[in-house]
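Inspection log for the structure reproduced underneath, given as structure tokens.
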Amino acid sequence: MNLQELVRPNIWSLKPYSSARDEFKGEASVYLDANENPYNAPYNRYPDPLQWVVKEQIEKVKGVSRENILLGNGSDEPIDLVFRAFCEPGVENVVAIDPTYGMYQVCADINNIEYRKVRLTEDFQLDVDALMKAVDAKTKIIFLCSPNNPTGNAFPKEEIIRVLNGFGGIVIVDEAYIDFSDKGTFLSDLDNFPNLIVLQTFSKAWGSAAIRLGMAFASKEIISVLNKIKYPYNVNQLTQEQALKVLANADQVKDWVNVLLNERQNLVEQLNQLPYVQKIYPTDANFVLVKVGDANGIYNKLVEQGIIVRNRHSVTLCEGCLRITVGTPEENKTLLDAMKAI
Ligand code: PMP
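In my numbering, the protein residues as written are 861 to 1202.
Quick look at the structure:
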């Protein structure tokens, strides 16, 4: 893979903004270089633009070296960055599975990049041949999401590897829900696939959606291209501090995941007993997709009880489906009691 051929020429030759923190690195006693207010420490100072202290801890937890990590304002930020780095507006295109996470298409539309959807099979599996057929000389990125939202299933690793080997452009594997899956992450495969970008997030298993922190893992070369175009101080100091606290609490995250996996199992068993539940799709995520037939009716009845699930009735292949996030044992019981009473 020749990265220069994939990156937009204006981005390849871009001279990035050089911040005060880029120009002087290290410790000093008097900082008069960034037009900051000297009072109200510590938040008077700009944060580290490359968030090295946070990345050092992520390196330990994820086993990926810090130069291979980009942090963003949620994983929504790297999703937008890859369009701007690789795709020429009005000319080039990306290919994605359908249904999947909605932001890929929104970012494609914002950036005026053609978004080619390739349907999953009826049981939500990848159709690798169809994906490859949708690719042409102007395709820069293929988006895969595994475990996939809203279907919940992870794709077999061999299928994703077929895509990685068969496509000369960038392959994004969005692993937002990977902590709930036993199918395995692609983080340990970064060295084998120079065209791979893995996305993960603090918003799901790590219980930190409010701090807006997403991670992209890729080759050093890809990470440096993305670093060139991100906002200089894209992850604020409060977020970096809270991320360090959460990262120090990895055992807590494991405990939460175990509870949620047990609850998921219980939820599936109980939902299966409801007469109007037609199908519960296999899930590797912290939610279940449930075919209930009258999704709108059941959604509205739950709303009346103050219980909000996601109505996916109008999504491709998800007609009649509700997407239900696994909550605490108490929340799940409230949901199940309400659904049994319908
Ligand atoms: N990817 C997937 C598959 C998601 O479902 C979501 C959130 N719903 C995201 C990414 C975005 O996560 P973040 O909060 O990190 O922006």
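Just so you know, even glycine gets a beta-carbon here, dropped at the ideal spot from N, CA and C.
Distance, residue j Cα to residue i Cα
i	j	result
Q911	F884	15 Å
P949	K998	11 Å
E952	V1128	42 Å
L1004	F1046	12 Å
N1126	R976	37 Å
D940	Q965	10 Å
L866	F943	11 Å
F1027	A901	49 Å
E1176	Q1102	Checking the displayed sequence, the identity of residue 1176 turns out to be Thr instead of Glu. Cα to Cα, the separation comes out at about 37 Å.
L863	L1050	15 Å
N971	I1089	14 Å
N1160	N1025	45 Å
CB contact flag (residue i, residue j, <8 Å)
i	j	result
F946	I1021	no
V978	I1001	no
G1180	H1173	yes
F1015	L1120	no
W1066	V1113	yes
L930	N1087	yes
G934	R1124	no
Y1141	G1012	yes
K1064	Y1037	yes
P1007	A1145	yes
Where residue i falls, given that 16 or more other Cβ within 10 Å makes a residue buried
i	result
V1148	buried
D1115	exposed
L980	buried
V1163	exposed
L892	exposed
I1082	buried
V924	buried
Q1100	buried
Q1060	buried
T1143	buried
Y899	exposed
L1195	buried
Within-8 Å CB hit, residue i to chain D
i	result
K922	Going by chain labels, chain D is absent from the structure shown, which holds only one protein chain.
Three Cβ pairs or more, each shorter than 8 Å: is that satisfied between the stretch 1043-1062 and the stretch 1070-1085?
The stretch 1043-1062 vs the stretch 1070-1085: in contact.
Taking the runs of the alpha helix (DSSP H) that are 4 residues or longer, which of them lie wholly in the stretch 1090-1156?
Entirely contained in the stretch 1090-1156, the alpha helix (DSSP H) runs reaching 4 residues are, in chain order, 1097-1107, 1110-1132.
Contained alpha helix (DSSP H) runs [length at least 4] in the stretch 1058-1089, N- to C-terminal order
Listed in chain order, the alpha helix (DSSP H) elements of length 4 or more contained wholly in the stretch 1058-1089 are 1080-1089.
Curious, which full-length alpha helix (DSSP H) runs of at least 4 residues does the stretch 906-969 contain?
Listed in chain order, the complete alpha helix (DSSP H) runs (minimum 4 residues) inside the stretch 906-969 are 912-922, 936-946.
Do the stretch 958-967 and the stretch 1102-1116 make contact, defined as three or more Cβ pairs closer than 8 Å?
Result no; under three Cβ-Cβ pairs closer than 8 Å.
May I ask you to verify whether the stretch 1119-1136 touches the stretch 1188-1200, counting CB pairs closer than 8 Å and requiring at least 3?
Short answer: they touch.
In chain order, each beta strand (DSSP E) run of at least 3 residues that lies wholly inside the stretch 1005-1030
With a minimum length of 3 residues, there is no unbroken run of beta strand (DSSP E) contained wholly in the stretch 1005-1030.
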